[in-house]
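*Asks:*
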Amino acid sequence: MAIEVRQNQDSLDEANRINRAASLRTAVEHFNDFRMSLASSEELSDIWSKGKAGRELSAAEAQRFESVCQTVLWTYVMMHEQYRLLDQEAHLQGPLISIRRDLQNPAIRSCWENRVKQDVRNWGYHYFLEA
Numbered sequence: 001m002a003i004e005v006r007q008n009q010d011s012l013d014e015a016n017r018i019n020r021a022a023s024l025r026t027a028v029e030h031f032n033d034f035r036m037s038l039a040s041s042e043e044l045s046d047i048w049s050k051g052k053a054g055r056e057l058s059a060a061e062a063q064r065f066e067s068v069c070q071t072v073l074w075t076y077v078m079m080h081e082q083y084r085l086l087d088q089e090a091h092l093q094g095p096l097i098s099i100r101r102d103l104q105n106p107a108i109r110s111c112w113e114n115r116v117k118q119d120v121r122n123w124g125y126h127y128f129l130e131a
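With this note's numbering applied, the sequence shown corresponds to residues 1 to 131, in that order.
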């Protein structure tokens, strides 16, 4: 009986690991799709560039910039979380390095401080905030 329970637990652990790996793959694909949308949409690329440069944006442009910015920042959080759950220590620093680089930009920092950071805390991703 104990062997059977252990085998069942091992099977559940493996299924969870596979699901987390699939979630990471989805997050990476999402981020790649985002990058491709910037590359293929001149309008969105212009909004992203103007927003990062601190240039004036219309209300609609400001909303799109905030949405894109939040997507980028949340992608870093989710990638870090998936690497953590998969025990992939070698990859944990990647999202942290990227977000620290991006937070050097005042517009992205504002998006983080005023929109994303509290949500990250509220949703329980304290590992990312503490890293």
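Ideal placement from N, C-alpha and C gives every residue a C-beta, glycine not left out.
#1: Which two residues bound the contiguous alpha helix (DSSP H) that contains residue 77?
#2: The alpha helix (DSSP H) with residue 90 in it runs from where to where?
#3: Taking DSSP as the reference, what is the three-state secondary structure of residue 55?
#4: Can you list, in chain order, the residues of its chain whose CB lies under 6 angstroms from that of residue 116, leaving out five sequence neighbours each side?
#5: Name the residue from 32, 86, 7 whose alpha carbon lies nearest to the alpha carbon of residue 18.
#6: What three-state label does DSSP hand residue 127 in the structure shown?
#7: Just reading off the alpha helix (DSSP H) that residue 121 is part of, what are its end residues?
#8: Measure the alpha-carbon distance for residue 22 versus residue 12 and round it to whole angstroms.
#9: Any idea if residue 82 is buried or exposed, counting beta-carbon neighbours within 10 angstroms, 16 or more meaning buried?
#10: For residue 105, does the three-state DSSP call read helix, strand or coil?
#11: Any idea what DSSP makes of residue 45, helix, strand or coil?
*Replies:* A quick look at the data gives this:
#1: 59–85
#2: 89–102
#3: coil
#4: 70, 73
#5: 86
#6: helix
#7: 117–122
#8: 15 angstroms
#9: buried
#10: coil
#11: helix
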